[in-house]
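This note's numbering applies: residue 124 is where the sequence shown begins, and numbers increase by one.
All residues carry an ideal CB built from backbone N, CA and C; glycine is no exception.
The model shown is predicted, which means the values in this text are computed figures rather than measured ones.
Each remark here refers to the structure printed beneath this line.
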Amino acid sequence: MKKYINFSLLALLAGSLFFNSCGSDDPQPIQQSEDKYVLITLSDRVTGNKAGFISAFDAFPTGTISNSTSGSLEGQGMGGWRIYGNWIFKMFTTIGNLQGIERINVAKDGTVTAGAYISSKNPSAAATYNGTGNLVIQDDNLGFYWDAAEPLKIQKFNPTTMKNIGALDFSAAVNAVAGSDNAAITFRSIGQKFLAIKGGKLFANMTFAKNPTTQIGFFDDFFPDVYIAVIDIATGAHEKTIKIEDTGSIAYINENHMYDFDTNGDLYIVTQGTSIQALGGKSKIARIKANETDIDQTWELKFSDFRAADDGKFVGVFAKNGKLIVTLNTIPLTSGPTGNINSADIWKFYSIDVADVNANTPSSAFKEITGIPVGTNPGAAMAATEVDGKILLRGATLNSGNGYYEYNPATNTATKAFEVNVGGAVSGFTKITVN
124 MKKYINFSLL ALLAGSLFFN SCGSDDPQPI QQSEDKYVLI TLSDRVTGNK AGFISAFDAF
184 PTGTISNSTS GSLEGQGMGG WRIYGNWIFK MFTTIGNLQG IERINVAKDG TVTAGAYISS
244 KNPSAAATYN GTGNLVIQDD NLGFYWDAAE PLKIQKFNPT TMKNIGALDF SAAVNAVAGS
304 DNAAITFRSI GQKFLAIKGG KLFANMTFAK NPTTQIGFFD DFFPDVYIAV IDIATGAHEK
364 TIKIEDTGSI AYINENHMYD FDTNGDLYIV TQGTSIQALG GKSKIARIKA NETDIDQTWE
424 LKFSDFRAAD DGKFVGVFAK NGKLIVTLNT IPLTSGPTGN INSADIWKFY SIDVADVNAN
484 TPSSAFKEIT GIPVGTNPGA AMAATEVDGK ILLRGATLNS GNGYYEYNPA TNTATKAFEV
544 NVGGAVSGFT KITVN
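Given below as structure tokens:
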């Protein structure tokens, strides 16, 4: 069929566009993106399904707000998240709390929905061995994650398409540490709890567990040291294995990745310690300096530097401009149904200047941050984050407040930025651009 064009009409339209454009000294472009401030809260810390909400706001919240609105996403797996650029990822699905990688979608009108999902290659294995979905992202087209279905491999995925694009097998590297026939080691893996990228290298922890039925790699380390593989990303080759000595339980298996990069590129890594009840003991923060791939043997921060009884642990770290922010338990940790580790306001914020850390770090190096209440264990949440150039601290308590506090490094104090009264304990706050 032929299409006939009315050239007179086109001429009139062209003239109209010409005069309209000339009539404005400062034409406004069509808006192609919008900034959204996104908040996640956890309303259920009891059942294990981690119910909660994610909401998006047009402006930085102030005053007292609700995190349960008409556009909010309500569901499970709301303990925390991982952020890369304008993408938000969860390690647990909104429906079913299944382990994997779920991307969260935020629309321009502020509606939040659960998006694409990468599941385990073997869901029954993922239900048995925690950690599927532990991830790190190199760029828009390449990320890495762990899948319980193939514990001695590191999976590759495309964050844009949310598709698995292969796997790297490091069986030989893992077995080189402990041998392949050591019957006392009942489970082994690589990248299950710690994955980080620095200087073109992928750093992945090696797990050697001694309990075949419970814990299985969590607080049951076979070795007295923590082993980390150093992998060249360009070639996918294992280059070497390094170790953090005399500690255990590097990081964990939730969205709180328990490491951070300082402004100068130094990498700080948390180990939770050797207690089989997750109560600490030999917990420390180790460092890999910028442009290096070995553990810095001249620097380590131990919980016992804070309190000689060594009756607690680090549960996260935030680094900026040579200063670390941590939360530490103010009294000895206890576990079990009535334990205080996850259900009491005992976690206090401290700052540490990295230059003050040495072989005999004094307890005075831990400087209490005032103005923010003593709160609950952040768990999967990041206790400190940065949005719009503001360092924000998670001030979540059982009875005396729930919100984010802005930290002032000059005075080592914090003031309340906003309070949340509906939706549960604050678990994450970020800013993204919606295209």
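CA-to-CA, the gap between G238 and K173 works out to about 18 Å. For the beta strand (DSSP E) assignment, the uninterrupted runs of no fewer than 3 residues enclosed by the region 281-337 are, from N- to C-terminal side, 286-292, 310-321 and 324-332.
Residues of the same chain with a CB within less than 6 Å of the CB of T484, apart from the 5 flanking positions on each side, are D428 in chain order.
Nearest to E197 by C-alpha distance, out of W210, N481, V169 and L162, is L162. Here DSSP, grouped into helix, strand and coil, assigns D158 to strand. Secondary structure of S178 (DSSP, three-state): strand. When rounded, the separation of the alpha-carbon atoms in F346 and G194 is 48 Å. Taking 8 Å as the cut-off, the beta carbon of E423 is found closer than this to the beta carbon of A409. Between N414 and G435, the CB-CB gap reaches or exceeds 8 Å. For D476, the secondary structure class from DSSP, reduced to helix, strand or coil, is strand. DSSP places D433 outside both helix and strand once states are collapsed to three, so it counts as coil. Beta-bridge partners assigned by DSSP to G518: G526. Comparing C-alpha distances from V169 to each of S486, S466 and H361 shows the shortest one belongs to S466. Minimum Cα-Cα distance from F267 among the listed residues T284, E362 and L291 corresponds to L291. For A237, the enclosing beta strand (DSSP E) has its first and last residue at V235 to S242. By the neighbour-count criterion, in which a residue is buried when 16 or more other Cβ atoms sit within 10 angstroms of its Cβ, I288 is exposed. The C-beta distance from P532 to K471 rounds to 17 Å, too long to fall under 8 Å, and the pair is not in contact. Per DSSP, reduced to three states, the secondary structure at A507 is strand. Residue range P246 to T251 is occupied by the alpha helix (DSSP H) that includes A248. Here F489 is not near I469, since their CB atoms are 8 Å or more apart. Taking the C-beta atoms as reference points, D270 is found no nearer than 8 Å to S303.
A direct Cα-Cα distance of roughly 9 Å separates T284 from D263.
The C-alpha of A179 is placed about 7 Å away from the C-alpha of V229. Cα atoms of N377 and F426: separation of roughly 22 Å, rounded to the nearest angstrom. S487 counts as exposed, since fewer than 16 other C-beta atoms from the protein chains shown sit within 10 angstroms of its C-beta. Of the other Cβ atoms in all chains shown, fewer than 16 fall within 10 Å of the Cβ of I218; this residue is therefore exposed. Cβ-Cβ distances below 7 Å link G359 to L291 in the same chain, with the five nearest sequence neighbours on each side left out; the list follows chain order. Burial check for I454: the Cβ neighbour count within 10 Å stays below 16, so the residue is exposed. Straight-line measurement puts the Cα of A249 at about 31 Å from the Cα of N190. When beta bridges are read from the DSSP output, K446 appears opposite K443 and D476.
Going by beta carbons, M329 and A352 fall inside the 8 Å limit.
Where M214 is concerned, the enclosing beta strand (DSSP E) starts and stops at W210 to F215.
Of the candidates N544, V438, Q338 and V449, the residue whose Cα lies closest to the Cα of I464 is V438. Within 10 angstroms of the beta-carbon of A540 lie 16 or more other beta-carbons, which makes it buried. Comparing alpha carbon positions, the residue from N500, T421 and A301 closest to V449 is N500. DSSP lists F176 as the bridge partner or partners of E197.
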